[in-house]
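A quick write-up on the structure given underneath.
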Amino acid sequence: MKVASILKAKGASVATTSPATSVFTVTWELKQKGIGALVVSGDGSTVLGLISERDIVRGLTEHGPKLLALPASRVMSSPVHQKTASRR
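In terms of this note's numbering, the sequence shown opens at residue 492 and continues consecutively.
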């Protein structure tokens, strides 16, 4: 399957959240949208990090139930490394 095929099926939109959004709200958004991660951005265009289901599970081991009240910025993966397409 090619990337173009995936984007055609999923659409070009990217789900984002604010760094101040609570982890509880992040988990709700992930569930509602049926996705596994959100891009964290303060202005809607600059990528500050990525918060994924994996980040949340790791956060639970460190913070326990208090994790749900923490902001996404406390458990997100950052920096996000961008891979550039190579020319052929």
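Just so it is clear, CB atoms sit at the ideal spot from N, CA and C, and this is done for glycine as well.
Excluding the five sequence neighbours on either side, which residues of its own chain have a C-beta within less than 7 Å of the C-beta of S532, listed in chain order?
-> The residue you call residue 532 lines up with position 41 of the sequence shown. Once the five neighbours on either side are set aside, the close Cβ partners of S532 are T507, V538, L539.
Excluding the five sequence neighbours on either side, which residues of its own chain have a C-beta within less than 7 Å of the C-beta of M492, listed in chain order?
-> As a first step, residue 492 must be located in the sequence shown, where it is residue number 1. Any reading at M492 must be qualified, since the residue scores a pLDDT of 47, below 50, and its modelled position is unreliable; the value itself is stated next. In the same chain as M492, and ignoring 5 residues on each side of it, no C-beta atom comes closer than 7 Å to its own.
Just list the beta strand (DSSP E) runs in the stretch 497-538, keeping only unbroken ones of 3 residues or longer that don't cross its boundaries, in chain order.
-> Complete beta strand (DSSP E) runs here, min 3: 528-531.
Taking 8 Å as the cut-off, decide whether the C-beta atoms of L551 and S513 are in contact.
-> Locating residue 551 in the sequence shown gives position 60, counting from the first residue. Locating residue 513 in the sequence shown gives position 22, counting from the first residue. Going by beta carbons, L551 and S513 fall outside the 8 Å limit.
Own chain, CB closer than 8 Å to R549, minus 5 neighbours either side, in chain order | By one-based count along the sequence shown, residue 549 stands at place 58. Counting only Cβ-Cβ distances below 8 Å, and skipping sequence neighbours, we find V566.
Which residue from S536, S569, S504 puts its Cα closest to that of K524?
-> Numbered from 1 along the sequence shown, position 33 holds the residue referred to as residue 524. The shortest Cα separation from K524 among S536, S569, S504 belongs to S504.
S543 versus G535: straight-line alpha-carbon distance, rounded | On the sequence shown, residue 543 is found 52 positions in, with the first residue counted as 1. On the sequence shown, residue 535 is found 44 positions in, with the first residue counted as 1. So the alpha carbons of these two residues sit roughly 18 Å apart.
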